[in-house]
Structures are given as structure tokens and as C-alpha cells.
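Student:
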Ligand SMILES: [Zn+2]
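This is the structure in C-alpha cells:
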């Protein structure tokens, strides 16, 4: 009976994102559904049970509806492909709650400006970070950061302008970190319109991960 309950909860959550732009492929909701019903290879523990606990935690904290919960376990699809890992990853349970402040910021400040968001990259394991030569202090390693794309937006210039204005207004008071992967002088770059959000300190950067490539001064 307990197993049936878990399955129902998880399927309902996955079904919520039927309209996601990433509907097919190894990083899709359907792929997550298959993956999370397969057991951990070594322990045979159920990932579905872990996911149900994770969802329950988000619900308790009032942040279950901010983004589709399953996307929070997405490994960056480019990294997964390059490193030959699964496209999803169960973050260590001790880190689960660390994503809550970022989800609150999305709910209260970011989504009202950008509209609905899709998570492109959530938790990153040390192994994947090594594989892609990621920053050793990346906030993704602690499950404190998300890379996102807006799912209902008219143009990239528009979304980044909104994000830059928001960062000027509340970035300091909310300790918001904004990675804005956009260059108004090279608009072919970063065609996904991807951006990074955390609450680990007020700072803004662009493609080179330093303030030098921050596009906001050029946009505003
Ligand atoms: Zn990021």
C-alpha cells in the first residue's frame, strides 16, 4: 500500500510539467519517471521513495509548486552527456533543505517578473564537477543554486532586462547571485536564455563567470 501511495504522488508531480519545452529525450519528465522508479544500483533502495520524501519536505516548507520538483534533481544535460552519468541525481538528503531559500526567492521575487521557470541544472555532485572542471566553490555542489530558463517569454533581451532591473532593486537586500548568460553584442551566444540564481551573496556575472562579463550595464 505504501508503495502505491508513493507512485501516485510522484506521477502526479511529473504530469504537472507536460507543457515543459523539454518534453522528450534523456532529460525529460518521461525519462525522470522511468529513472526514479528504477532502484539505486548498489543498495536497491527506491529512488521513488526518496523523491516522495523530498516532495513532502518541499510541501511542508510551502515551496512545492515553485518549479516542477523533479527538475530539481536534473543534472545539467550537457554535463551528463559529456561525463556519461545519469541525467538525474538524488542530492544527499543532508543537503535537501539548502535549496529552500533559493526557491523562496524564485517564488516571491523572480517568477512574478519572469513568469514560469524550468530548471536546467540543480544539484551537482563533486564527481560531475571534477569532470567538467567546474568551480570548486560552485553553489550547485551544496544544492544552493539553480540554472533556469523562462518557459513563457517573448525574447531573451526582455527576460535579461527584467532580471537586471530586479537585481538592481533587490539583489543587495536579498543576497541574490545572478548569473546572466547573455551578451547583447553577441546575441547568438547562450541561445537558451539561461540564468543562474542563488542567495549566497549579492553579485552578478556573465559568460566568463566574473563581473567583467555582467551584461546588465549594457542592457539597462
Ligand atoms: Zn549555475
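In this note's numbering, the protein residues as written are 275 to 494.
By construction, the Cβ of each residue, glycine as well, lies at the ideal position given by its N, Cα and C atoms.
With contact counted as at least three CB pairs below 8 Å, one residue from each stretch, are the stretch 363-383 and the stretch 404-412 in contact?
Tutor: no
Student: State the beta-bridge partners of residue 351 as determined by DSSP.
Tutor: Partner(s): none; residue 351 has no beta bridge.
Student: State the start and end residues of the unbroken beta strand (DSSP E) segment that holds residue 469.
Tutor: 469-472
Student: Please list the segments of the alpha helix (DSSP H) lying wholly inside the stretch 375-449, counting only runs of 4 or more residues, in order along the chain.
Tutor: 385-388, 400-405 and 430-448
Student: Buried or exposed for residue 342, going by 16 or more other Cβ atoms inside 10 Å?
Tutor: buried
Student: From 339, 354, 450 and 361, pick the residue whose C-alpha is nearest to that of residue 477; which is it?
Tutor: Taking each of 339, 354, 450 and 361 in turn and checking the Cα distance to residue 477, the smallest one comes out for 450.
Student: In this structure, does DSSP put residue 332 in helix, strand or coil?
Tutor: helix
Student: What did DSSP end up calling residue 502 once you bin it into helix, strand or coil?
Tutor: This structure does not reach residue 502, given that the chain is present from 275 up to 494, and the question cannot be answered.
Student: In its own chain, which residues sit with a C-beta less than 6 Å from the C-beta of residue 485, not counting the 5 before and 5 after it?
Tutor: 479
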